[in-house]
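Undergrad: This is the structure I have questions about; it appears just below.
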């Protein structure tokens with residue numbers, strides 16, 4: 025698949041995800057709800073709508089397509105992971121966390137609104153993600169919905185993304201007596217990044233296969249592919265923090281080094297991590313080999329992650 029063809033497919037999926045997100049995050053109360061406050065709806069929309077690559081939902085959509093499934097339920101599940109991702113960004117950007125003013129070239133949620141609203145918007149997005157997955161409109165089989173919910177809870181929570189975030193803050197020296205950054209080794213950095221970033225990139229690969237009724241072996245293989253993509257994404261992100269400009273990236277750069285944050289790029293250097301990205305791309309291709317040309321879009325996604333410039 026050519027880069028232009030992949031970009032076109034990514035853009036089409038992003039448009040479909042955007043439309044479904046707008047439907048899910050609107051002011052109309054659902055059964056069991058009393059009122060959807062307008063300020064909260066607006067802040068949730070600011071966090072989720074109007075930008076972003078939509079990579080995580082795209083991976084879910086294309087994985088389901090790999091097994092011949094393409095319906096509204098797939099889009100709903102894809103929106104669930106995007107809501108979790110966007111909630112995490114709204115909270116990560118807060119002064120108590122990364123203290124960022126820009127996200128996707130726009131003011132962060134706490135800058136556009138205020139800190140309390142940003143916290144509550146993130147809380148509401150996280151809750152709405154699980155509401156969406158648990159709804160029979162996503163899949164008629166309750167066992168499938170429960171599987172998706174359990175997998176996402178573990179990918180995004182204590183032993184996944186949130187756990188990775190607190191490890192990351194601890195590595196900055198937040199809770200050490202002298203507040204000096206910790207010197208993490210390669211294994212510790214990979215574990216932290218697998219939790220903070222990788223888990224939420226693995227979930228859509230597994231979820232797309234679960235929705236489509238794929239075998240346990242296929243779900244596991246796609247999970248391994250997701251682990252590879254997650255590591256490649258984080259390495260590429262760390263390279264961008266070193267090499268890109270704020271104008272290109274749409275957010276501040278150089279902040280990892282400024283905080284003394286442990287990254288594989290900081291530990292091993294730029295050249296070594298560019299070589300690692302090439303190795304990861306080859307490993308991703310090997311995991312997709314059983315599906316041959318049918319997996320061309322997912323392989324293009326792995327290459328896109330490794331080669332992205334913003």
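Numbering (my numbering), first residue to last: 25 to 334. Positions of the beta carbon are idealized from the N, C-alpha and C atoms, including for glycine.
Please give me, in chain order, every unbroken run of the alpha helix (DSSP H) with length at least 4 that falls completely inside the segment 275-332.
TA: For the segment 275-332, whole alpha helix (DSSP H) runs of length 4 or above, ordered along the chain, are 279-283, 288-292, 294-312, 320-331.
Undergrad: Measuring straight from C-alpha to C-alpha, what distance separates residue 160 and residue 80?
TA: The residue labelled residue 160 in the question sits at position 136 within the chain shown. The residue labelled residue 80 in the question sits at position 56 within the chain shown. Approximately 22 Å between the Cα atoms of the pair.
Undergrad: Near residue 253, what residues of its chain come up, given a Cβ to Cβ distance below 6 Å and the 5 sequence neighbours on each side ignored?
TA: The count along the chain shown starts at 1 and reaches residue 253 at position 229. Counting only Cβ-Cβ distances below 6 Å, and skipping sequence neighbours, we find 225, 326, 329.
Undergrad: Output the distance between the C-alpha atoms of residue 101 and residue 34, rounded to the nearest integer angstrom.
TA: Locating residue 101 in the chain shown gives position 77, where the first residue counts as 1. Locating residue 34 in the chain shown gives position 10, where the first residue counts as 1. Each residue's Cα considered, the two are about 17 Å apart.
Undergrad: Can you name, in chain order, every residue of its own chain whose Cβ lies under 6 Å from the Cβ of residue 141, other than the five neighbours on each side?
TA: The count along the chain shown starts at 1 and reaches residue 141 at position 117. So the list reads 67, once near-sequence residues are dropped.
Undergrad: Tell me whether residue 164 sits in a helix, a strand or coil according to DSSP, three-state version.
TA: Along the chain shown, one-based indexing puts residue 164 at 140. In the structure shown, residue 164 sits in coil (DSSP, three-state: anything other than H, G, I, E or B).
Undergrad: According to DSSP, what are the bridge partners of residue 126?
TA: What you label residue 126 is simply residue 102 of the chain shown in a count that begins at 1. Answer is 131, bridged to residue 126.
Undergrad: Do residue 93 and residue 236 have their beta-carbon atoms positioned less than 9 Å apart in this structure?
TA: Taking the chain shown and counting its residues from 1, the one referred to as residue 236 is at position 212. Taking the chain shown and counting its residues from 1, the one referred to as residue 93 is at position 69. Cβ distance < 9 Å, so residue 236 and residue 93 count as in contact.
Undergrad: Using the Cα positions of residue 39 and residue 203, report the straight-line distance between them to the nearest angstrom.
TA: In the chain shown, residue 39 corresponds to position 15, counting from 1. In the chain shown, residue 203 corresponds to position 179, counting from 1. Their backbone Cα atoms lie some 44 Å apart in a straight line.
Undergrad: Does DSSP put residue 203 in a helix, a strand or coil?
TA: Sequence index remark: in the chain shown, residue 203 carries index 179 (1-based). Assignment of residue 203 by DSSP, reduced to helix, strand and coil, places it in the coil class.
Undergrad: Which full runs of the alpha helix (DSSP H) of 4+ residues lie inside the segment 70-127, going along the chain?
TA: 79-90, 96-116
Undergrad: Out of 212, 216, 207, 167, which has the shortest C-alpha to C-alpha gap to residue 187?
TA: Position 163 of the chain shown, counted from the start, is the residue given in the question as residue 187. The residue with the shortest Cα to Cα distance from residue 187 is 216.
Undergrad: Measuring CB to CB, does residue 176 end up less than 9 Å from residue 98?
TA: In the chain shown, the residue the question calls residue 176 occupies position 152. In the chain shown, the residue the question calls residue 98 occupies position 74. Their beta carbons are not under 9 Å apart, which means residue 176 does not touch residue 98 by this criterion.
Undergrad: Taking the continuous alpha helix (DSSP H) assigned at residue 370, which residues delimit it?
TA: The structure shown has nothing for residue 370, since the chain only spans 25 to 334.
Undergrad: So the alpha helix (DSSP H) residue 194 belongs to, where does it begin and stop?
TA: Within the chain shown, numbered from 1, the residue matching residue 194 stands at position 170. Residues 185-195.
Undergrad: Going by C-alpha distance, which of 201, 241, 179, 289 is nearest residue 214?
TA: Indexing the chain shown from 1 puts residue 214 at position 190. Among 201, 241, 179, 289, the Cα nearest to that of residue 214 is on 289.
Undergrad: Give every residue of the same chain whose Cβ lies closer than 7 Å to the Cβ of residue 41, excluding the five residues on either side of it in the sequence, and list them in chain order.
TA: By 1-based counting over the chain shown, the position of residue 41 is 17. Cβ within range, chain order: 78, 81, 99, 102, 103, 106.
Undergrad: Secondary structure at residue 49, three-state DSSP: helix, strand or coil?
TA: As a first step, residue 49 is located in the chain shown; it is residue number 25 there, counting from the start. Residue 49 falls in the coil class under three-state DSSP.
Undergrad: Return helix, strand or coil for residue 63, following the three-state DSSP convention.
TA: Along the chain shown, one-based indexing puts residue 63 at 39. In this structure, residue 63 counts as helix in the three-state DSSP scheme.
Undergrad: What residue range does the alpha helix (DSSP H) around residue 154 cover?
TA: Taking the chain shown and counting its residues from 1, the one referred to as residue 154 is at position 130. 139-158 is the span of the alpha helix (DSSP H), which, as asked, contains residue 154.
Undergrad: When the Cβ atoms of the segment 298-316 are set against those of the segment 241-256, are three or more pairs found closer than 8 Å?
TA: Yes: the two stretches touch, three or more of their Cβ pairs being nearer than 8 Å.
Undergrad: In whole angstroms, what separates the C-alpha of residue 321 from that of residue 190?
TA: In the chain shown, the residue the question calls residue 321 occupies position 297. In the chain shown, the residue the question calls residue 190 occupies position 166. Taking the straight line joining both Cα atoms gives about 34 Å.
Undergrad: So residue 212 is in the alpha helix (DSSP H); what residue range does that whole segment cover?
TA: On the chain shown, position 188 is the one that residue 212 refers to. For residue 212, the enclosing alpha helix (DSSP H) has its first and last residue at 210-217.
Undergrad: Between 249, 291, 261, which lies nearest to residue 306 when the distance is taken from Cα to Cα?
TA: Within the chain shown, numbered from 1, the residue matching residue 306 stands at position 282. For residue 306, the nearest C-alpha among the options comes from 249.
Undergrad: What is the DSSP secondary structure of residue 254, reduced to helix, strand or coil?
TA: Here residue 254 is taken as the residue at index 230 of the chain shown, counted from 1. Correct three-state label for residue 254: helix.
Undergrad: Within this structure, are the beta carbons of residue 218 and residue 180 separated by less than 9 Å?
TA: Locating residue 218 in the chain shown gives position 194, counting from the first residue. Locating residue 180 in the chain shown gives position 156, counting from the first residue. No, the Cβ-Cβ distance between residue 218 and residue 180 is not below 9 Å.
Undergrad: With 16 other CB atoms within 10 Å as the buried threshold, where does residue 262 fall?
TA: For the purposes of this step, residue 262 is identified with residue 238 of the chain shown, where counting begins at 1. With 16 or more Cβ atoms within 10 Å of its Cβ, residue 262 is classed as buried.
Undergrad: If you draw a straight line from the C-alpha of residue 61 to the C-alpha of residue 143, how long is it?
TA: Sequence index remark: in the chain shown, residue 61 carries index 37 (1-based). Sequence index remark: in the chain shown, residue 143 carries index 119 (1-based). The alpha-carbon atoms of residue 61 and residue 143 are separated by roughly 15 Å.
Undergrad: For residue 25, which of helix, strand or coil comes out of DSSP?
TA: Residue 25 sits at position 1 when you count from the first residue of the chain shown. If DSSP states are grouped into helix, strand and coil, residue 25 belongs with coil.
Undergrad: Going by CA-CA distance only, name the one from 83, 70, 65 that's closest to residue 36.
TA: One-based indexing of the chain shown puts residue 36 at position 12. Of the listed residues, the one whose Cα sits closest to residue 36 is 83.
Undergrad: Between 109, 149, 45, 25, which lies nearest to residue 64 when the distance is taken from Cα to Cα?
TA: Within the chain shown, numbered from 1, the residue matching residue 64 stands at position 40. Comparing alpha-carbon positions, the option among 109, 149, 45, 25 lying closest to residue 64 turns out to be 149.
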